Amino acid sequence: MINEKVVTAIGTPNIAFIKYWGKRDYTGLNTPNNSSISMTLDEKLSTRTSVVFSKKLNRDMLYINGSEEVMVGEKIPEKSAYLKRILDHMRRLAGVKENALIVSENSFPSSAGIASSASGAATLVFVLSNALQLDKKSREMSVIARQISGSACRSMFGGIVRWNKGMKEDGSDSYAEQAFKDTHWPELIDIIAIVDPSKKRVSSSVGHADTVKTSVLYPLRPKFAEEGIVTVEKAIAGKDIDALSKAIMRDSNNMHATMLDTWPPIMYLTDASKDIIYGIHELNDANGKRIAGYTFDAGPNAHIITTEKNRKKIMDMLSGIRGVRQTIEGHMGTGPRLLESKDSLIDEKTLTPKRVQGKMQ
Ligand code: DP6
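This is the structure we're talking about:
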């Protein structure tokens, strides 16, 4: 029996130091060709999600950022279909039959051009697991979140998180786990430099597949990435920003090289991204040793990994680059957590979202 209470949680994105690019399975398992490692970010950028299961609901309903997503019928879009599959799966595990109302909002500045999918998927799995009283361990939840969006599995934990690629065909051993606590190196920061907020031209799901299929450089990548993880873990253990910076820059460049080698080519970096790359190398050279490293996901916005004491040098460098529109400073986060009922996005009496299309109801 479900208790019909609204449960609310908050979760955050992560930035990969050694990246996931290329899958073994494209049917929704999202098992990767290589392991990856990331830093979970704090709640400056976050997703808040409320859920309620109730007999009074005559269908499943999902609202993201104030608008309703299609969850039933023939026209269900690919991403909602995955969400629906995960919802049905978790409901089955809990032996619950009631429909769900799910309301989710991102705090990401809409102009930021930073993907919210990892944060959204991780928060959804976390809140569903709690609402359905599944009592799932974070590791098991990471296996479920991975199937919505691969990189989401790493947002199931705080601190530095490793996603082990696993070997099994069913993906059961492809899970995330915490490699270092959030308190291990709290001075480590991610300065996000927004250079282009528009939607990417090639979605990452299409990119993963095309690169594996066509890039002649790609077969070299999985081994390089696995070695990169060993280097990154050693650098983080020793709080060595010089070694960490080199490893993450090399990995980002390697991933973007396989993207460029994809046919037709995938190019996420813009001139402004490249100016930041040169800027970081010049700054590191001038310092005699590396104080920062850049990394880029499937987009042109830079994540500059550095330590708090070097913040000013990075900001001064960025202020000289014309294409930089905005900077956001991310710190080490603690992973998803439950919120109190006053923070709920659902009106418990009427079982409706508190806010639709940006308006309070
Ligand atoms: C470049 O997790 O978005 O950000 O599993 O198809 O949803 P799907 O892909 P996604 O890929 C993200 C790739 C990346 C690198 C990374 O975060 O590791």
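Residue numbers 31 to 391, in this note's numbering, belong to the letters of the sequence shown in order.
Every residue, glycine too, gets a C-beta built ideally from N, C-alpha and C.
Since we're looking at a predicted model, the values are computed, not measured.
Within the same chain, I296 come within 7 Å of V232 by CB-CB distance, once the 5 residues on both sides are set aside. Taking C-beta atoms as the reference points, A182 and A148 count as a pair closer than 7 Å. Around the beta carbon of N331, a 10 Å sphere encloses 16 or more other beta carbons of the protein chains shown; the residue is thus reported as buried. Of the candidates R78, I259, S234, R78 places its Cα closest to the Cα of S137. Look at V173 here: in three-state DSSP terms it is helix. The criterion of a C-beta distance shorter than 7 Å is satisfied by Q177 and N60. For V126 against F83, the beta-carbon gap comes to about 6 Å, under 8 Å, which counts as contact.
Relative to the non-hydrogen atoms of the ligand DP6, the Cβ of S179 comes within a distance shorter than 6 Å of at least one.
Per DSSP, the unbroken beta strand (DSSP E) holding M91 starts and ends at 91–94. For a cut-off of 8 Å, the C-beta gap from Y248 to G52 is around 6 Å, short enough to register as a contact. For the 7 Å CB-CB criterion, G363 and T42 form a contact.
About 5 Å separates the Cβ atoms of A209 and R192, confirming a contact at the 8 Å cut-off. For E98, the enclosing beta strand (DSSP E) stretches over residues 97–99. Checking the 6 Å criterion, the Cβ of A287 is out of range of every heavy atom belonging to the ligand DP6. Taken in chain order, the complete alpha helix (DSSP H) segments of 4 or more residues contained in the region 139–219 are 147–161, 168–176. Under DSSP, V82 forms a beta bridge with L131.
One thing to note: A46 has its Cβ no nearer than 7 Å to the Cβ of S80.
At a cut-off of 6 Å, the beta-carbon of N95 does not count as near the ligand DP6: no heavy atom of the ligand is closer than that.
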